[in-house]
Structure formats: structure tokens, C-alpha cells
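Note that the numbering used here has the sequence shown beginning at 1043, numbered continuously upward. Glycine residues also receive a C-beta, built at the ideal position from the N, C-alpha and C atoms. Please read these numbers as outputs of a predicted model, since none were measured by experiment.
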Amino acid sequence: MDLVDELVQKRDLPDEGLRELLSSSDDVMAAKLFKRARETAAEHFGREIYIRALIEWSNSCRNDCYYCGIRRSNHAIERYILSEEEILQCCGQAHEDGIRTFVLQGGENPVKAGELVGIVALIKKKYPDSAVTLSLGELPAELYAALREAGADRYLLRHETATPSHYAKLHPKEMSLENRLECLHELRKLGFQTGMGMMVGSPFQTPDHLIADLRLIRSFRPEMVGLGPFVPQKDTPFGTYPAGSADLTLRLYAIIRLMLPEAGIPATTALSSIIPNGHIRGIESGANVIMPNYTPLSRGKQYVLYDNKSRQDFHKIKTELNAAGYVVNPSRGDFKTNQYHV
Ligand code: 5AD
């Protein structure tokens, strides 16, 4: 039995096996890994790809992560916060396109995020058939609870790296992996479908770090896993570091699909920003979600997590997916909530 078969069967591999899958130059093995991952996605989702409308709520952020273009020390961008009216307009447009999940994502701003409690309630009242996903960073537990109470269904909070010493190289000292993980546990306890994930190829990352990430993801069993390559942003301390590898990102999609067959795994914007046809490549490696962008254009231009960030248009994505033999599924598409660790 080869490594791919072993991973399919056991939903896990010893560290050495994972290392081999991540780094091997054996193209036949890599092709088999991608094939099995796509087959596994197809067993659960057929050829359907879930669509989530991404609304970049605000680029105002209290954090100063060394990799991120919206870090507070970056004075080269104009800060914005979408108004209630703008957010409802974005949701309205996505809803008209048939999309039934709205993702409100933004920098970490606990004060302003408080205003989203009322807005989430409004969205849920206006669109009771739709899910709301939030991605707003580390917030006080009471605010998470209020957002959940207001009707938010899911929360994405990437852990970025599961190795504390690596975490410390990517973030200023007031931030900690410990706190990030506490937030993830809190979110799950509150009943959010929860997403975690990391950047691939972030500065100082080693294969051991990625193995630790896989171990963490497998043990937490999030409903969603978001990962994409690191992409440099010129106005950050990591502006001259090389971008992460698309091939490694694709292998990680495949491995995570085989570890957590029913997870929601988006083919991310970062991947599409560094290779042509990133969506399809991601899907053919086991991803099953795409998040087209519904942020008002002028605002979205200021949401510069990294340079050359591509803007994903729903209609274009739909055409591409159809041409590759996939169909879009714009329904809420909830992921099976894992009761295991609750
Ligand atoms: N390259 C790739 N991804 C990035 N993110 C932030 N900055 C970058 C970058 N330079 C990702 C982080 C964060 C998410 C919102 O965007 O993983 O969690």
C-alpha cells in the first residue's frame, strides 16, 4: 500500500509520510494524491462547488502582523468601514445572484465589530434563507456570543501557524497562538461552524511547521479549512520575501481533503492571484468552495492583504467552472457540524 492509499484508508499518516507527500518530486504520486482528493470531494459533493459571497467589511485593523497589508503600521492605504447600507446592498446583489452565504470579513476592530451585531440581525431578518459567516479576528468572548445570538452561523479564524516559535516570527509580541486557539475553542463552543487554516510558504516556514498545522487541523476537526499561499505586500516588513508555492498549496488541499473528507475547503483568492486557473486547479486538488468578491469596487481596492490580489467575479467563476464540468451550488451549503469535540 502506498502513502496515498494509506492516507485514504486511515485518514492520517505518520509525520514521515506527510513529509514525503509534501515534498516528494515523484509526479506520479502527486498526481495520485490530487486524483484521490478530487474523488473524495466528489463522493460528498458530486461536481458541485459551493459559492460564498465575500464582503470585505473593513480594512481597519488594530493588529500589526508582519505579512499583512492592512496592518496598522501601513499608512499607504486609505482606511474604510462599509456602512450598514453598503453591506446590505452587497448582500442584496449576492442574493439576487442566488448566493445564500454572505461572508463579512475585515481587520480586527472590536469596537466597530460591535456595530455588526445589529447588522447581522438585520441581514438574517431580511434574508432568513441565508447563512452569515464572519471573519473578524480575535474578539472578546461576549462579542462572539452576541454575534452568534444575532444569527451568525459560521466563523473563520485562521490559526496562521501551529508552531508557537513560528507564530512569534510572523506577529508582534502582543499576539499569541494560545489566544488564537482559545478563540477557536470559544467559537466552537458557541455553536459556530468554525474554520481555521494557515498561509503556505510564509517566511521562516519549514515542512515541520506544516506537519504541525496538519496535526492541529486534524485534531480540531474544523468544519472549514482556509489556506492559501503567502503573497508579499510591498509596504510590509515581509514585502521582499518570496511568495509561497502553488504546488505545495495544492498538495495541502489534497491532504486535508483526505483527512477531513467533508470539510469546506475554498480554492482561495491568494492561490488565484499567483497562478492562472487557480480555482480549477484548487478544485481538482480537492477544494470545494469558491468565494467571489462582492465588496464595492472602490473599497475593495483598499483591501490589500497582499499585492496583485485578484478580484473574483461570480459570473466569470461560474463560466469557468461550467467549462471544466463543475456546477455552482449557491445554496447555504452548511457543513456537517462536528459534535466530536464540542
Ligand atoms: N499573503 C497571503 N495571505 C495573507 N493574509 C494576510 N496577509 C497575507 C499575505 N501577505 C491572510 C491571512 C489572514 C487572511 C485574512 O488573509 O491568513 O488570516
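Subject >> Through-space distance from C1107 to A1079, alpha-carbon basis >> reply: Straight-line Cα distance between these residues: approximately 32 Å.
**OP:** Give a single yes or no on whether C1103 has its beta carbon closer than 7 Å to a heavy atom of the ligand 5AD.
**Re:** No - the ligand 5AD has no heavy atom lying nearer than 7 Å to the Cβ of C1103.
Subject >> Residue burial classification, P1028 (beta-carbon count within 10 angstroms, cutoff 16) >> reply: The chain is shown from 1043 up to 1384; residue 1028 falls before or after that span and cannot be answered.
Subject >> Spatial distance of H1227 from N1221 (CA atoms) >> reply: If you draw a straight line from the Cα of H1227 to the Cα of N1221, it is about 10 Å long.
Original post:
Taking L1049 as the reference, which of K1231, R1299, D1289 has the closest Cα?
Top reply: For L1049, the closest alpha carbon among the candidates K1231, R1299, D1289 is that of R1299.
**OP:** Under 7 Å Cβ to Cβ from Y1368, same chain only, skipping five residues before and after it: list those, please.
**Re:** Scanning its chain for C-beta atoms nearer than 7 Å, with the 5 sequence neighbours on each side dropped, one finds around Y1368 the residues R1089, I1091, I1325, in chain order.
Original post:
Is the region 1154–1172 in contact with the region 1336–1346, if contact means three or more CB pairs nearer than 8 Å?
Top reply: Contact between the region 1154–1172 and the region 1336–1346 is absent, because fewer than three Cβ pairs lie under 8 Å.
**OP:** Write down every uninterrupted run of the alpha helix (DSSP H) in the region 1223–1306 whose length is 4 residues or greater and which is fully enclosed by it, in chain order.
**Re:** List check, alpha helix (DSSP H) in window: 1249–1262, 1288–1301.
Subject >> Inter-residue spacing [alpha-carbon to alpha-carbon] between D1229 and S1100 >> reply: Per the sequence shown, residue 1229 should be read as Leu rather than Asp. Taking the straight line joining both Cα atoms gives about 21 Å.
Original post:
Beta carbon of A1095, beta carbon of A1136: below 8 Å?
Top reply: For the 8 Å CB-CB criterion, A1095 and A1136 form a contact.
**OP:** Determine the direct distance from the alpha carbon of S1172 to that of A1366, and round the result to whole angstroms.
**Re:** So the alpha carbons of these two residues sit roughly 27 Å apart.
Original post:
Taking any heavy atom of the ligand 5AD as the mark, which residues have a C-beta closer than 6 Å to it, listed down the chain?
Top reply: Chain order is used for the residues whose beta-carbon lies nearer than 6 Å to a heavy atom of the ligand 5AD, namely Y1109, C1110, R1200, E1202, M1241, G1270, F1272, V1273, Q1275, A1312, L1347, Y1348.
Original post:
Candidates P1206, E1128, V1273, V1242: which alpha carbon is nearest R1293's?
Top reply: Comparing Cα positions, the closest option is V1242.
Original post:
Nearest to G1286 by alpha carbon, out of Q1235, P1271, K1276?
Top reply: Of Q1235, P1271, K1276, the smallest CA-CA separation from G1286 is found for P1271.
Original post:
Nearest-angstrom Cα distance between H1383 and Y1283?
Top reply: Confidence at H1383 is low in this model, with a pLDDT of 46, below 50, so the placement of that residue should be treated as unreliable; the coordinate-derived value is given next. Each residue's alpha carbon lies about 38 Å from the other.
Subject >> Best match in L1339, R1200, I1332 for proximity to C1225 [C-alpha to C-alpha] >> reply: The alpha carbon of C1225 has as its nearest neighbour, out of L1339, R1200, I1332, the alpha carbon of R1200.
Original post:
Is G1375 helix, strand or coil by DSSP?
Top reply: Note: G1375 maps to coil in three-state DSSP.
**OP:** Following the continuous beta strand (DSSP E) through R1196, name the residue where it begins and the one where it ends.
**Re:** Looking at the DSSP string, the run of the beta strand (DSSP E) that includes R1196 is 1196–1198.
Subject >> Three-state secondary structure (DSSP) of S1340 >> reply: In the three-state reduction of the DSSP assignment, S1340 falls in the helix class.
**OP:** Mind checking which residues open and close the alpha helix (DSSP H) that includes T1361?
**Re:** Per DSSP, T1361 belongs to the alpha helix (DSSP H) from 1356–1365.
Original post:
Assuming L1146 contacts I1097 under a Cβ cut-off of 8 Å, what Cβ separation, rounded to an integer in Å, is found between them?
Top reply: Cβ-Cβ separation between L1146 and I1097: approximately 5 Å, consistent with a contact (criterion under 8 Å).
Subject >> 4-residue-minimum alpha helix (DSSP H) runs that sit fully inside the region 1082–1168, ordered along the chain >> reply: As far as the region 1082–1168 is concerned, its whole alpha helix (DSSP H) runs of at least 4 residues are 1126–1138, 1152–1156, 1158–1168.
Original post:
Under the DSSP definition of a beta bridge, which residues are partnered with I1032?
Top reply: Residue 1032 lies beyond the range of the chain shown here (1043 to 1384); nothing can be said about it.
Original post:
Quick one: what's got a C-beta closer than 7 Å to G1281's C-beta in the same chain, skipping five residues either side?
Top reply: Only P1274, Q1275 meet the Cβ criterion.
**OP:** Mind checking who S1177 pairs with in its DSSP beta bridge?
**Re:** In the DSSP assignment, S1177 forms a beta bridge with Q1147.
Original post:
What did DSSP end up calling V1046 once you bin it into helix, strand or coil?
Top reply: In the three-state DSSP reduction, V1046 falls in the helix class (H, G or I).
**OP:** Round the Cβ separation of G1179 and E1150 to the nearest angstrom and send it over; I've been treating them as touching at under 8 Å.
**Re:** Contact between G1179 and E1150 holds: their C-beta atoms lie close to 3 Å from each other, under 8 Å.
Original post:
Taking the continuous alpha helix (DSSP H) assigned at D1057, which residues delimit it?
Top reply: Per DSSP, D1057 belongs to the alpha helix (DSSP H) from 1057–1065.
**OP:** State the start and end residues of the unbroken alpha helix (DSSP H) segment that holds I1316.
**Re:** 1311–1316 is the span of the alpha helix (DSSP H), which, as asked, contains I1316.
Subject >> 8 Å contact criterion, which M1266 and L1198 should meet: CB distance rounded >> reply: Contact between M1266 and L1198 is confirmed by a C-beta separation of about 6 Å, below the 8 Å threshold.
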